[in-house]
Every structure is written in structure tokens, then in C-alpha cells.
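Undergrad:
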Amino acid sequence: MPAAADHSDVNAGIQWPLSQPWPAAHPPLRLGVMASGHGSNFEALVASGRHGDLNASVELLVVNQPGCGAIERAERLGISWRLLDHRRFSSREALDGALIEAFGQAKVDLVVMAGWMRIVTPVLIKAFPQRLVNIHPSLLPSFRGVDAIGQALAAGVTLAGCSAHLVTAEVDGGPILAQAAVPVCPGDDHARLAARIQQQEHRILPLAVALAAERLSQASSAQLAQAQG
């Protein structure tokens, strides 16, 4: 059987703006991040802030899986982290209450679900209205929910991708902030397509955070103008 073709350079021609920075005149946006796995999107956010592509700093990482890779990244990057093991909580609402407390203590402005493999409840959503961003490995509204990449491969699509969106009570159904598409190549398996999509997640997530912050700034300005008018 011939070896699968090497498509490692398939992203070479894809262009995407890295950021729409939260205006430099504003204090840096304080971010909280939630992760369950390797934490590569978490690290991408930290790097964007430190490289000046995004006027933001990650103040706290919360993980729900002991020993997950995100913890090692946080320690290497010097970012504070907390473990909130979901198995130790009586309900999803109880876990979300602990998340609210942790991020409140860290005084974060916006929370990013960067590979958080738990469904959040209205308890958390109401605590951070329009301030909760999720990254999902599909071109929403297609392939919502679990194993979006497997769903895409099973459907035989020729384009896949990722979406960053605001979180609402509808799973993977909130307003879309940014998307990026990648080709599904002949011979792709789950791991190869996932790696290609993840490269684009690292690029659009900082952009989505900046766009979410811009929406908040515009809403605040509109409220102020209305109050003064």
C-alpha cells in the first residue's frame, strides 16, 4: 500500500490577520483560561500577549484534569494555575460556581474556553455575559458537539476548520467571532486533520479575544452615551 502523501505544507498559502488589538490606550485585558488537555491554545494566547499582537495578559489558567499538559505549560510560562477536578463537584453548577470564584479572585475581564471539555451552565454564562469565548474545531454551525473532526471526516467534507464564538446556553451556538478553513486532504486521518485545524485555532483565538473585547468596549460606549443623552 503506498504511503499517504505529505501535506505538512498545506497551510503555507493561508493568510489570516493575527490580531485586531484591544487598543493600546486601554489597560491590558486580563484573561482567564479554561483547559482540559495539552493547552496549546492557552500557550498561543500567552504568546500573543507577550509578543504584542494582543493587548492582553493571561492571569489564571484553570484545568479540570490532574496532570494535563496545560499545567506543564503554565509552569513553564510562569502563569498561575488552579485545578478544579470536575469529579469532586456534585453538579456542573457547583463546578461553575468554583470557576466564578477563581476568576473573580484573579480579577479577569474575559474568560476563554481553550479546549475545556465540559459543558458549562447558565451559572457561568450569566456571570460573564458576552465575556466567555470558546474555540471549537469545526466551521460552525456544522458539526457541533463532541468529536467535530470525526463528524467532518465521516461526512466526507472537503473543507473543515475552526470557529471562535461567544458562549450562550446553546452548545456551540453563540455568535461567531472568527473562523478559519482548512482543506481535508486525501488520506487524512483524525490526527492529521486535527493538527492542521489546531494551527489555525492558534491564529484565530487571539483575534477572537480582541474582537470580543472590542464588542464590550462598543457596548460600554453606547451605554455611556445613552446615559449622558
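When we follow numbering that gives the first Met the number 0, the leftmost residue of the sequence shown carries the number 0, and every step to the right adds one.
Beta carbons are placed, not taken as given, at the ideal position from N, Cα and C, and that holds for glycine.
Express the C-alpha separation of Ala46 and Ala159 in angstroms, rounding to a whole number.
TA: Roughly 25 Å separates the two Cα atoms.
Undergrad: To test your reading of the DSSP string, which unbroken beta strand (DSSP E) runs of 3 or more residues are found completely within the segment 55 to 128?
TA: If we require 3 residues or more, the beta strand (DSSP E) runs fully inside the segment 55 to 128 come out as 55 to 62, 80 to 82, 109 to 112.
Undergrad: Using only CA atoms, which one of Ala194, Pro174, Glu42 lies nearest to Arg130?
TA: Comparing Cα positions, the closest option is Pro174.
Undergrad: Return the CA-CA distance between Glu200 and Arg87, expressed in angstroms with no decimal places.
TA: Going by the C-alpha atoms only, they are around 30 Å apart.
Undergrad: Would you say the segment 186 to 206 touches the segment 81 to 101, given that touching needs at least three Cβ pairs under 8 Å?
TA: Contact between the segment 186 to 206 and the segment 81 to 101 is absent, because fewer than three Cβ pairs lie under 8 Å.
Undergrad: Using 8 Å as the threshold, is the C-beta distance between Asp171 and Arg214 below it?
TA: Going by C-beta atoms, Asp171 is not nearer than 8 Å to Arg214.
Undergrad: Measure the beta-carbon distance from Ala207 to Val132 and round it to whole angstroms, keeping in mind my assumption that it falls under 8 Å.
TA: Sure, about 6 Å apart at Cβ, within 8 Å.
Undergrad: Any chance the CB of Gln104 is under 7 Å from a heavy atom of the ligand HEM?
TA: In the structure on display, the ligand HEM does not appear, and there are no ligands present to speak of.
Undergrad: Quick one: grab the DSSP three-state call for Leu152.
TA: In this structure, Leu152 counts as helix in the three-state DSSP scheme.
Undergrad: Using only alpha-carbon positions, find the residue among Ala105, Gln178, Ile134, Lys125 that is nearest to Arg29.
TA: If we check each option's Cα against that of Arg29, Ala105 comes out closest.
Undergrad: How is Arg143 classed by DSSP in three states: helix, strand or coil?
TA: If DSSP states are grouped into helix, strand and coil, Arg143 belongs with coil.
Undergrad: For Thr136, count neighbouring C-beta atoms within 10 Å of its own C-beta (all shown protein chains included) and say buried if the count is 16 or more, exposed if not.
TA: Note that residue 136 is Pro in the sequence shown here, rather than Thr. Buried is the call here.
Undergrad: Taking 7 Å as the limit between beta carbons, can you name the residues of its chain near Ala147, skipping five residues before and five after?
TA: Contacts found: His135, Pro136, Ser137.
Undergrad: What are the boundary residues of the alpha helix (DSSP H) that includes Val45?
TA: First-last of the alpha helix (DSSP H) with Val45: 39 to 49.
Undergrad: Secondary structure at Val181, three-state DSSP: helix, strand or coil?
TA: Strand at Val181.
Undergrad: Tell me whether Asp84 is buried or exposed, calling it buried when 16 or more other Cβ atoms sit within 10 Å of its Cβ.
TA: Exposed is the call here.
Undergrad: Can you give the Cα-Cα distance for Gln198 and Pro121, rounded to whole angstroms?
TA: Cα to Cα, the separation comes out at about 30 Å.
Undergrad: In this structure, what does DSSP give as the bridge partners for Val32?
TA: Answer is Leu60, Val111, bridged to Val32.
Undergrad: Hey, Trp115 and Ala168: beta-carbon distance below 8 Å or not?
TA: Against a cut-off of 8 Å, the Cβ pair of Ala168 and Trp115 comes out as no contact.
Undergrad: Just tell me which of Asp52, Arg117, Pro140, Ala151 has its CA closest to the CA of Ala190.
TA: Here the closest residue by C-alpha is Ala151.
Undergrad: Spell out the partners DSSP gives Ile134 in its beta bridges.
TA: Partner(s): Ala163.
Undergrad: Quick one: using the 10 Å Cβ neighbour count with 16 as the cut-off for buried, is Pro65 buried or exposed?
TA: Exposed: under 16 other Cβ atoms inside 10 Å.
Undergrad: Whole angstroms are fine: how far does the CA of Gly149 sit from the CA of Gly48?
TA: Cα-Cα distance, rounded: 32 Å.
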